Each structure stands twice: as C-alpha cells, then as structure tokens.
Amino acid sequence: MAIVTETQQQEKFFILFVGLCLYNQEASDASAAAQKRWNLSDFDIGKPLGRGKFGHVYLAREKRSNHIVALKVLFKTQLQQSQVEHQLRREVEIQSHLRNPNILRLYGYFYDQKRVYLILEYAARGELYKELQKCKYFSERRAATYVASLARALIYCHGKHVIHRDIKPENLLIGAQGELKIADFGWSVHTFNRRRTMCGTLDYLPPEMVESVEHDASVDIWSLGILCYEFLYGVPPFEAMEHSDTYRRIVQVDLKFPPKPIVSASAKDLISQMLVKESALRLPLHRLLEHPWIVQNADPSGVYRG
Ligand code: AMP
Numbered sequence: 524m525a526i527v528t529e530t531q532q533q534e535k536f537f538i539l540f541v542g543l544c545l546y547n548q549e550a551s552d553a554s555a556a557a558q559k560r561w562n563l564s565d566f567d568i569g570k571p572l573g574r575g576k577f578g579h580v581y582l583a584r585e586k587r588s589n590h591i592v593a594l595k596v597l598f599k600t601q602l603q604q605s606q607v608e609h610q611l612r613r614e615v616e617i618q619s620h621l622r623n624p625n626i627l628r629l630y631g632y633f634y635d636q637k638r639v640y641l642i643l644e645y646a647a648r649g650e651l652y653k654e655l656q657k658c659k660y661f662s663e664r665r666a667a668t669y670v671a672s673l674a675r676a677l678i679y680c681h682g683k684h685v686i687h688r689d690i691k692p693e694n695l696l697i698g699a700q701g702e703l704k705i706a707d708f709g710w711s712v713h714t715f716n717r718r719r720t721m722c723g724t725l726d727y728l729p730p731e732m733v734e735s736v737e738h739d740a741s742v743d744i745w746s747l748g749i750l751c752y753e754f755l756y757g758v759p760p761f762e763a764m765e766h767s768d769t770y771r772r773i774v775q776v777d778l779k780f781p782p783k784p785i786v787s788a789s790a791k792d793l794i795s796q797m798l799v800k801e802s803a804l805r806l807p808l809h810r811l812l813e814h815p816w817i818v819q820n821a822d823p824s825g826v827y828r829g
C-alpha cells in the first residue's frame with residue numbers, strides 16, 4: 524500500500540476533498556473541468572488479463588488514440604463491503620501523479636452506477652511473481668538490474684513524500700521491454716493472497732511495522748532487501764510455517780544465507796546492509812546504486828534483456 528507522510532496527508536486530503544470523488548457526481552465538478560471525463564464507450568474491450576478481489580482487469584484500446592491500456596473494473600458493492608473506498612480514492616490520487624518508467628501509470632478513472640474503472644498502463648509481460656515461480660530464482664544480473672530499477676523508482680517516490688510500504692513480487696508487473704513496474708496502489712493487501720507461504724504479506728514487513736512502532740521511508744529499503752533476497756534464493760529470508768515464527772525472525776533479524784543456490788559475497792553484503800533493524804542505519808537507496816554488486820551486475824539501461 525502506498526502512503527503519504529503525515530504533513531502531506533493533510534494536503535492530499537484537501538486535494539481529494541475538492542477535486543476527487545469517485546462516487547459522487549456533484550462533488551467531482553471541480554476536477555471534471557480539469558480532466559477528461561471517460562466512459563466505457565471510449566474503449567474497445569479485449570481479453571481478460573486477470574482477476575483481483577474487487578473485479579477484473581481487461582486489455583482495452585482507447586478508440587480515438589488507439590492507445591492500448593489495461594482497464595481495471597472494480598465493483599462498488601465489493602469496495603463498500605470491504606470498506607476500502609476511502610483507500611481507493613487516496614491511492615488513485617497518488618498513483619495518477621507519479622511519473623516514472625518503473626511505476627505503472629494510472630491515466631484516469633471513471634465510474635457508473637455499479638462499477639469503478641481504472642485506466643492503467645498495460646504491462647505486456649505480466650506478473651513478476653509468475654516469472655519468479657517459473658525460474659525458482661533469478662541470476663545475479665537479473666536480480667541486480669531489477670533491484671537498481673526499483674531503487675530508482677523508490678528514490679523518486681520518496682522525493683515526493685510517498686512511501687510505498689508494500690514492495691513484494693506480487694505487486695510488480697513487467698513491461699513490454701522487460702522493465703519492472705510497481706503496480707500496487709493499496710490493493711494487494713486486500714486481494715487474493717497469491718503466495719503459497721503460511722505468512723502471506725508478513726514476510727516483507729520490517730521490524731518497526733510488525734511491532735507497530737513509528738516508521739518512515741526506510742521501510743521501503745527493508746522491503747527491497749527482502750525482495751533482493753527472494754530474487755536470489757527464491758524464498759523470502761524470514762519465511763516460517765507459523766506466523767509467530769516469521770514475526771520472531773523479523774524482529775530478531777534472523778538472517779541466514781543457505782549454501783544453495785550459490786550467491787556471491789557481494790550480494791550478501793548488500794542484503795545485510797539493507798536488512799538492518801535500526802531503520803536509520805539501513806543503506807540509503809542512492810548508496811545502494813553505488814554498491815559494487817549493483818555496479819558490476821545491474822544493466823545500466825535498467826532493463827533485463829534475458
Ligand atoms: P489486480 O486486481 O491488480 O491484482 O490484477 C489482477 C491481475 O490482472 C494481475 O495479477 C495481473 O495478472 C493482471 N493485471 C493487472 N493490472 C495489469 C496491467 N496493468 N497490465 C497487465 N496485466 C495486469
């Protein structure tokens with residue numbers, strides 16, 4: 524789930540209050556002048572791309588521009604039942620303002636009586652999670668290229684006072700060129716749990732979040748460290764059969780590197796510098812980009828070419 528920091532919250536709330544209302548036609552007058560009003564007849568609908576808890580995602584083409592998009596269709600009743608309308612408004616507001624090659628664009632939204640439609644950038648190569656399942660684990664070149672591109676996207680987010688807080692394979696899609704796209708904006712917490720682990724999303728939470736103490740942008744450094752580990756070993760580092768064991772291992776930072784698959788000492792050094800309990804001591808993202816493992820392995824184009 525992407526969030527904004529406290530001070531930004533108030534500002535965002537104001538913007539939301541005056542400019543964004545997904546369900547109330549009258550209240551959206553202010554924003555309507557500023558942005559195009561879309562409706563379903565603007566699109567040719569193509570094949571289904573996937574299914575989430577609140578609805579379906581379809582390939583679609585905007586008729587006038589011929590632009591290919593992914594149209595996410597969410598059912599209002601389901602959103603209301605799960606009490607996530609407010610969260611959706613906030614996430615739409617954040618995602619629509621982010622512009623980065625490694626963050627999935629949200630071009631716009633519209634709604635009718637029963638549904639809310641999100642017009643999203645189409646990620647042609649689908650889910651990273653499936654790729655990882657297929658390969659079991661990634662090569663160091665591939666992992667480093669992905670980690671570097673995500674670090675750059677997170678530096679961009681943090682510069683805008685947005686903390687993602689939910690970096691994990693299930694929330695990443697792959698674009699047509701092979702570039703990673705952060706695609707989750709508050710949903711994954713509520714959608715099907717696609718992981719086969721016992722602990723679900725707990726695996727990626729930093730100690731300060733599992734202990735419910737204050738946290739800041741460095742939660743994303745931790746999650747990126749977990750992701751780097753999972754890319755290289757195929758499983759997250761603190762995985763356990765019981766929730767309580769994962770919890771304990773996270774809090775104690777019980778980090779172990781198994782002998783197989785073989786991973787370089789340099790990669791382990793980077794992970795160890797990211798998975799640090801004291802959040803202020805985690806390797807800052809701009810320093811991550813200068814780490815020898817990243818410099819030696821990541822493709823400078825930011826795209827893994829296979
Ligand atoms: P979600 O409701 O976001 O979990 O989406 C359900 C499924 O639809 C995902 O697991 C993807 O397989 C697919 N999907 C969602 N958004 C996109 C997109 N922008 N481009 C391509 N496939 C997508």
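According to the working numbering, the residues represented by the sequence shown are 524 to 829, in order. C-beta: ideal position from N, C-alpha, C; glycine also. From a predicted model like this one, the values you see are computed outputs, not experimental measurements.
ask   = Are V742 and I794 closer than 8 Å when you measure CB to CB?
value = Residue 742 sits at position 219 when you count from the first residue of the sequence shown. Residue 794 sits at position 271 when you count from the first residue of the sequence shown. For V742 and I794, no; Cβs fall outside 8 Å.
ask   = From which residue to which residue does the alpha helix (DSSP H) around R665 run?
value = Here residue 665 refers to the residue found at position 142 of the sequence shown. Its alpha helix (DSSP H) spans residues E663 to G682.
inquiry  = Counting beta carbon pairs with one atom in the region 627-635 and one in the region 666-682, are three or more of them shorter than 8 Å?
reply    = no
task = Classify K704 as buried or exposed, calling it buried when 16 or more other Cβ atoms lie within 10 Å of its own Cβ.
result = Taking the first residue of the sequence shown as position 1, residue 704 is located at position 181. Under this definition K704 is a buried residue.
inquiry  = Using only CA atoms, which one of C658, D707 and N589 lies nearest to G575?
reply    = Start at 1 with the first residue of the sequence shown, and residue 575 comes out as number 52. Considering only alpha carbons, the answer is D707.
request  = Kindly identify the DSSP beta-bridge partner or partners of D567.
outcome  = Locating residue 567 in the sequence shown gives position 44, where the first residue counts as 1. Beta-bridge pairing links D567 to R584.
query = What is the DSSP secondary structure of G631, counted as helix, strand or coil?
reply = Here the question's residue 631 lines up with position 108 in the sequence shown. The answer is strand: DSSP assigns G631 an E or B state.
inquiry  = For the ligand AMP, I want to know if A593 counts as a neighbour, meaning its beta carbon is within less than 7 Å of at least one of the ligand's heavy atoms.
reply    = The count along the sequence shown starts at 1 and reaches residue 593 at position 70. Within the cutoff, so yes.
inquiry  = For the ligand AMP, is there any heavy atom lying closer than 7 Å to the beta carbon of R638?
reply    = Indexing the sequence shown from 1 puts residue 638 at position 115. No; taking the cut-off as 7 Å, the Cβ of R638 has no heavy atom of the ligand AMP nearer than that.
request  = Return helix, strand or coil for V596, following the three-state DSSP convention.
outcome  = Residue 596 sits at position 73 when you count from the first residue of the sequence shown. Three-state DSSP puts V596 in a strand.
query = If you draw a straight line from the C-alpha of Q819 to the C-alpha of S789, how long is it?
reply = By 1-based counting over the sequence shown, the position of residue 819 is 296. By 1-based counting over the sequence shown, the position of residue 789 is 266. Rounded to the nearest angstrom, the two C-alpha atoms are 10 Å apart.
Classification of P823 by the beta-carbon crowding that lies within 10 angstroms, buried from 16 upward = Along the sequence shown, read from residue 1 onward, the residue named residue 823 stands at position 300. When all chains shown are included, P823 counts as exposed.
request  = Given a cut-off of 8 Å, decide if V736 and V774 are closer than it, judged by their beta-carbon atoms.
outcome  = As a working note, residue 774 is residue 251 in the sequence shown. As a working note, residue 736 is residue 213 in the sequence shown. Not in contact: V774 and V736 (Cβ atoms no closer than 8 Å).
task = Could you tell me the distance, in whole angstroms, from the CA atom of R828 to the CA atom of Y652?
result = Counting from 1 along the sequence shown, the entry for residue 828 is found at position 305. Counting from 1 along the sequence shown, the entry for residue 652 is found at position 129. Cα to Cα, R828 sits roughly 17 Å from Y652.
message = Mapping the DSSP letters down to three states, classify H766 as helix, strand or coil.
response = Reading the sequence shown from its first residue, position 243 is the one you call residue 766. Residue state, collapsed to three classes: helix.
query = E654: which of L602, G757 and I626 sits nearest, CA to CA?
reply = Taking the sequence shown and counting its residues from 1, one reaches residue 654 at position 131. Here the closest residue by C-alpha is G757.
query = First and last residue of the alpha helix (DSSP H) that includes R810?
reply = Mapped onto the sequence shown, residue 810 falls at position 287. Unbroken alpha helix (DSSP H) run through R810: L808 to L811.
inquiry  = What would DSSP say about S551, mapped onto helix, strand or coil?
reply    = The count along the sequence shown starts at 1 and reaches residue 551 at position 28. Because S551 carries a pLDDT of 45, less than 50, the predicted location of this residue cannot be relied on, and the following value inherits that uncertainty. DSSP places S551 in helix when its eight states are reduced to three.
request  = For A647, I'd like the list of residues in its chain whose CB is within less than 8 Å of its CB, leaving aside the five on either flank, ordered along the chain.
outcome  = For this step, residue 647 is matched to residue 124 along the sequence shown. Result list for A647: I697, G698 and A699, in chain order.
C-beta atoms of M797 and L747 nearer than 8 Å = Position 274 of the sequence shown, counting from 1, holds the residue named residue 797. Position 224 of the sequence shown, counting from 1, holds the residue named residue 747. Yes, Cβ-Cβ distance for M797 and L747 is below 8 Å.
request  = Please confirm whether any heavy atom of the ligand AMP lies closer than 7 Å to the CB of L572.
outcome  = Translated into positions along the sequence shown, residue 572 becomes position 49. Correct: L572 has its Cβ closer than 7 Å to the ligand AMP.
query = Who are the Cβ neighbours of Y752 in its own chain at under 6 Å, not counting the five residues just before and after it?
reply = For the purposes of this step, residue 752 is identified with residue 229 of the sequence shown, where counting begins at 1. P760 and I794.
query = Can you tell which of L582, V592, Q618 and H684 has its C-alpha closest to the C-alpha of D739?
reply = In the sequence shown, counting from the first residue as 1, residue 739 sits at position 216. Residue H684 is the option with its Cα nearest to D739.
task = Kindly indicate the opening and closing residues of the beta strand (DSSP E) around R638.
result = Within the sequence shown, residue 638 is the residue found at index 115, counting from 1. Residues R638 to E644.
ask   = Just reading off the beta strand (DSSP E) that L696 is part of, what are its end residues?
value = Taking the first residue of the sequence shown as 1, we reach residue 696 at position 173. Note, L696: beta strand (DSSP E), L695 to I697.
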